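Residue numbers (our numbering): -5 to 179.
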């Protein structure tokens, strides 16, 4: 049976649950998102077979990186090794998300165009929803085409908090040109 390292971390957004395999983070979810935690565990089991989670203080160094991020070192999450185990399309989406600089956002449509799949905004959103390592694959930096906040597994309040923490001012409905968002093409 495979062993995964498991840790919990109290954060300004609530308790986080982290799983790591060797030196790679394989899962991160808010513990109050019970359904999402269950789905993530099922996806991990599907990808790697049955596993046992053993307590660890800092799986793959991710706890330390999260503490630094929440303390204001906003780029602390960027070079974390992750192992996401998605479909080929999901892996492409998640790789694209990791290129969005801290303090900037992209729309679902912009990600679709960048991947050569214009019109695949909904598929981008679906891949975001299956992101197994939230924060490290920054799906919170993806917004609706009109500049509004849309979709985040941890809830829109957490998405808003994360964007504000990273220096992006965002609200839920006005067009992006009125928000001061850095929409890059």
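A virtual CB, placed ideally from N, CA and C, is assigned to each residue, including glycine. None of these values were measured; they are calculated from a predicted model.
### Query
Nearest to residue 131 by alpha carbon, out of 137, 122, 139, 138?
In the chain shown, residue 131 corresponds to position 137, counting from 1. Residue 131 has its Cα closest to that of 122, out of 137, 122, 139, 138.
### Query
Near residue 22, what residues of its chain come up, given a Cβ to Cβ distance below 8 Å and the 5 sequence neighbours on each side ignored?
Position 28 of the chain shown, counting from 1, holds the residue named residue 22. Excluding sequence neighbours, residue 22 sits near 10, 11, 12, 13, 56, 126, 127, 128, 129, 130.
#### Entry: Buried/exposed call for residue 74, threshold 16 Cβ in 10 Å
Stepping through the chain shown from its first residue, residue 74 is reached at position 80. Buried, since its Cβ has 16 or more Cβ neighbours within 10 Å.
### Query
In whole angstroms, what is the alpha-carbon distance linking residue 18 and residue 6?
Numbered from its first residue, the chain shown carries residue 18 at position 24. Numbered from its first residue, the chain shown carries residue 6 at position 12. Roughly 24 Å between the two C-alpha positions.
### Message
For a quick check, are the C-beta atoms of residue 118 and residue 99 less than 8 Å apart?
### Response
Here residue 118 refers to the residue found at position 124 of the chain shown. Here residue 99 refers to the residue found at position 105 of the chain shown. No, the pair does not count as a contact, with Cβ atoms beyond the cut-off.
### Query
At which residues does the alpha helix (DSSP H) containing residue 40 begin and terminate?
In the chain shown, counting from the first residue as 1, residue 40 sits at position 46. It spans 28 to 42 - the alpha helix (DSSP H) in which residue 40 sits, taken as one unbroken run.
### Message
What does the Cβ neighbour count give for residue 89, buried or exposed, with the cut at 16 atoms within 10 Å?
### Response
By 1-based counting over the chain shown, the position of residue 89 is 95. Under this definition residue 89 is an exposed residue.
### Query
What do you reckon, are the CB atoms on residue 49 and residue 0 nearer than 8 Å?
Position 55 of the chain shown, counted from the start, is the residue given in the question as residue 49. Position 6 of the chain shown, counted from the start, is the residue given in the question as residue 0. Yes; because the gap between Cβ atoms is below 8 Å, this pair is in contact.
### Query
For residue 112, which residues from the same chain have a beta carbon less than 6 Å from its beta carbon, with the 5 sequence-adjacent residues on both sides left out?
Counting from 1 along the chain shown, the entry for residue 112 is found at position 118. Around residue 112: 106.
### Query
By how many angstroms is the C-alpha of residue 156 removed from the C-alpha of residue 102?
In the chain shown, residue 102 corresponds to position 108, counting from 1. In the chain shown, residue 156 corresponds to position 162, counting from 1. Going from the Cα of residue 102 to the Cα of residue 156 covers about 18 Å.
### Task
Using three-state DSSP, classify residue 90 as helix, strand or coil.
The residue given as residue 90 occupies position 96 in the chain shown. Residue state, collapsed to three classes: helix.
#### Entry: Chain-order list of residues whose beta-carbon lies under 6 Å from that of residue 45 (same chain, five-residue window excluded)
Position 51 of the chain shown, counting from 1, holds the residue named residue 45. Within the same chain, residue 45 has close Cβ partners -4, -2.
### Query
Going by the CB atoms, is the gap between residue 68 and residue 96 shorter than 8 Å?
In the chain shown, counting from the first residue as 1, residue 96 sits at position 102. In the chain shown, counting from the first residue as 1, residue 68 sits at position 74. Closer than 8 Å, so yes.
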